[in-house]
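Here's the structure, in structure tokens; my notes come after.
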Amino acid sequence: MENNLKFESQKLAINYFTVAAILFGAQLLMGLIAAFQFLYPSFLFEIFDFSVARMVHINALVVWMLYAMIGSVYYLLPEETGIETVGIAIGKLAFWILTAAVTVVVLVYIIVQIGPATESTIWFINEGREYIEAPRWADIGIVVVVLVFVFNLFATAMKGRQTGIVTVLMADVLALAGLYLAGMFFTDNISMDQYWWWWVIHLWVEATWEVFVGCLLSYGLIKIIGARREVVEMWLWIEVAMLFGSGILGMGHHYFWIGTPEYWWEIGALFSALEPVPLIAMFVHVVYDWGKETGIHEGQGTSTEKMMTNSPAFAWFVTNAFGNFLGAGVWGFFHTLPQVNIYTHGTQFTSAHGHLAFFGAYATILIGMFYLGVQGKNGIKVMKATFDSKMAIFLITFGVLGMTVSLTIAGYGQVLVERAQMGATWEAFFVSQDMVWFVQGLGWRLATGVMTFIGFVYLIKDLLSTSKNARHLR
Ligand code: HEM
Ligand code: HEM
Ligand SMILES: [Fe+2]
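Numbering (our numbering), first residue to last: 7 to 480.
Here it is as structure tokens:
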């Protein structure tokens with residue numbers, strides 16, 4: 007396979023995208039095992055327990071997304087700054103170190119699974135913090151690798167052209183990396199531990215990652231439909247201001263019931279309820295730029311279809327605008343007020359939101375970036391949607407939507423019976439687990455999960471076969 011990329015930085019990006027795609031596949035397989043165990047609890051019991059499958063599922067999720075994000079930065083950086091990434095050699099070394107470390111960590115999760123619950127477990131097996139369970143030795147390694155990445159971004163941006171997109175990225179990546187430190191120390195008070203843990207998880211997904219998505223949207227719209235930079239970057243600044251405004255104090259919605267002071271009820275309710283506002287702005291951003299740009303060029307007799315340089319990427323970018331708004335904005339808003347959350351907290355409703363939000367806000371746009379990478383690698387000017395690419399986006403999107411609806415119904419049952427009717431007792435928990443709504447909901451989740459996985463297979467097939475199809479697409 008020839009490589010048409012001029013910049014080493016973009017070649018490195020393809021490496022990051024490749025590992026990201028592999029981990030995405032692993033994530034889905036683990037999800038299927040866990041979903042199967044919900045219905046057949048004896049499946050792999052004491053061999054590969056639900057807790058292990060679930061842990062690998064959500065850690066793989068976070069890691070593949072971080073890989074795809076680093077890859078995205080290495081991909082867009084030379085185009086934005088006009089120069090090769092500074093420190094690219096050490097950047098490549100860092101990639102291999104990180105990938106070796108991730109491989110060891112995953113093997114330990116899968117083979118060793120649990121430790122004796124002493125300090126040594128935290129150092130060598132896992133830290134027991136949902137989503138970011140990497141043991142401490144790996145944490146330290148991750149910090150070093152990320153420092154290299156942050157250095158490369160800053161050094162390149164300072165030497166080359168500084169666009170608005172790159173300026174926002176610099177501030178954002180610094181915050182994103184810094185927040186990781188909040189999840190690295192251990193306290194044996196569970197409330198305090200959770201308090202800091204939320205700094206990582208919430209301030210990632212509801213602040214720094216969202217700003218990151220804003221940067222990718224801006225870059226992608228300029229690249230795919232030739233949107234005007236002034237328009238796109240104006241939106242980006244508005245979104246940054248709003249996201250940080252609502253996202254930081256919105257963290258209060260995780261402090262309702264963990265033993266933190268009660269003033270978090272009001273703070274969390276107000277600011278988290280405002281969080282959908284920037285998400286609507288992002289949605290408008292895409293649709294507005296889309297309409298505006300196609301309008302401007304109308305006089306020249308070009309249609310949207312003709313102007314678009316990468317149909318599959320654009321389809322995923324548009325899915326991102328809808329998905330972010332629905333998964334984070336709507337499904338998040340549903341349960342964010344303490345008066346509602348007291349009933350929905352920790353039910354399958356939460357899981358419904360978690361799935362649609364992570365998928366809609368992040369998986370979509372990062373898959374879009376995979377497509378931009380494949381286009382660059384194969385030197386294709388205009389990339390048309392293939393049958394496989396259509397199957398992929400259809401099956402994955404409707405698969406995840408199906409899982410979300412199934413989980414919402416299962417969660418609704420829990421809210422009504424376990425919480426409202428039976429008062430959240432121990433017995434109530436088990437009664438609601440046997441409810442027909444709950445069991446059927448989880449059955450449908452498994453079925454739609456399989457649909458998602460088939461979509462993933464189409465996606466990989468499409469990405470890999472692009473080089474073969476490249477000739478007539480060029
Ligand atoms: C893309 C952005 C977002 C992602 C990826 C995301 C993801 C998640 C995930 C995975 C959880 C479960 C955490 C756990 O394991 O305990 C969660 C919880 C929660 N999210 Fe989001 N979320 C996002 C945005 C939002 C927004 C904008 C809101 C509010 C408007 C929101 C409201 C909530 C609430 C209230 C909970 C707590 C649920 C409970 O009490 O069980 N989220 N979120
Ligand atoms: C093959 C498709 C999938 C299946 C069968 C599946 C299944 C599962 C299962 C069984 C859990 C544990 C839920 C629990 O503890 O009650 C889970 C958790 C989770 N999954 Fe998936 N999953 C799939 C795809 C995805 C995708 C595509 C994403 C996001 C991009 C995702 C994100 C998450 C998150 C964030 C959680 C934690 C939710 C929470 O704590 O509330 N999963 N998944
Ligand atoms: Fe949150």
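All C-beta atoms, glycine included, are put in the ideal place defined by N, C-alpha and C.
Whole-angstrom distance between residue j and residue i, CA atom to CA atom
| i | j | result |
| --- | --- | --- |
| residue 237 | residue 174 | 15 Å |
| residue 231 | residue 216 | 22 Å |
| residue 335 | residue 282 | 4 Å |
| residue 390 | residue 471 | 13 Å |
| residue 387 | residue 315 | 7 Å |
| residue 304 | residue 313 | Confidence in residue 304 is poor, its pLDDT being 46 and thus under 50, which makes the residue's placement unreliable; the coordinate value appears in the next sentence. Their backbone Cα atoms lie some 10 Å apart in a straight line. |
| residue 275 | residue 363 | 19 Å |
| residue 338 | residue 187 | 26 Å |
| residue 92 | residue 10 | 20 Å |
| residue 308 | residue 74 | With a pLDDT of 49 at residue 308, under the threshold of 50, the predicted position of this residue should be treated as unreliable, though the coordinate-derived value follows. Residue 308 and residue 74: Cα-Cα distance of roughly 33 Å. |
| residue 50 | residue 436 | 22 Å |
| residue 40 | residue 168 | 46 Å |
| residue 424 | residue 396 | 41 Å |
| residue 226 | residue 126 | 45 Å |
| residue 456 | residue 405 | 8 Å |
| residue 464 | residue 399 | 9 Å |
| residue 428 | residue 434 | 6 Å |
| residue 148 | residue 27 | 19 Å |
Reference residue i; option with closest CA among the options
| i | options | result |
| --- | --- | --- |
| residue 462 | 26, 17, 34, 15 | 34 |
| residue 128 | 224, 144, 318, 363 | 144 |
| residue 246 | 218, 258, 24 | 218 |
| residue 20 | 66, 326, 101 | 101 |
| residue 258 | 324, 343, 374 | 343 |
| residue 326 | 370, 167, 206 | 370 |
| residue 45 | 181, 447, 172 | 447 |
| residue 361 | 108, 176, 23, 37 | 37 |
| residue 160 | 86, 139, 189 | 86 |
| residue 265 | 25, 272, 201 | 201 |
| residue 248 | 403, 77, 278 | 278 |
| residue 319 | 418, 392, 262, 453 | 392 |
| residue 330 | 52, 108, 212, 13 | 212 |
| residue 72 | 99, 207, 198 | 207 |
| residue 182 | 347, 155, 294 | 155 |
| residue 192 | 271, 165, 134, 346 | 134 |
| residue 285 | 254, 272, 328 | 328 |
| residue 43 | 449, 468, 170, 454 | 449 |
Residue i vs residue j beta-carbon contact at 8 Å
| i | j | result |
| --- | --- | --- |
| residue 69 | residue 18 | no |
| residue 209 | residue 288 | no |
| residue 355 | residue 414 | yes |
| residue 377 | residue 426 | no |
| residue 104 | residue 151 | yes |
| residue 110 | residue 131 | no |
| residue 16 | residue 81 | yes |
| residue 280 | residue 317 | no |
| residue 333 | residue 366 | yes |
| residue 372 | residue 458 | no |
| residue 384 | residue 438 | no |
| residue 203 | residue 189 | yes |
| residue 22 | residue 76 | yes |
Where residue i sits in the DSSP three-state scheme
| i | result |
| --- | --- |
| residue 9 | coil |
| residue 61 | helix |
| residue 164 | helix |
| residue 195 | coil |
| residue 460 | helix |
| residue 158 | helix |
| residue 132 | coil |
| residue 24 | helix |
| residue 441 | coil |
| residue 240 | helix |
| residue 389 | strand |
| residue 139 | coil |
| residue 288 | helix |
| residue 465 | helix |
| residue 306 | Confidence is the limiting factor: at residue 306 the pLDDT is only 46, short of 50, which leaves the residue's position unreliable and the question unanswerable from this model. |
| residue 232 | coil |
| residue 70 | helix |
| residue 50 | coil |
| residue 123 | coil |
The alpha helix (DSSP H) enclosing residue i, as first and last residue numbers
| i | result |
| --- | --- |
| residue 425 | Looking at the DSSP string, residue 425 is not in any alpha helix (DSSP H), and its letter there is neither H nor E. |
| residue 98 | 94-117 |
| residue 318 | 317-329 |
| residue 364 | Looking at the DSSP string, residue 364 is not in any alpha helix (DSSP H), and its letter there is neither H nor E. |
| residue 269 | 269-280 |
| residue 171 | 170-186 |
| residue 332 | Careful: residue 332 lies outside any alpha helix (DSSP H) and carries neither H nor E. |
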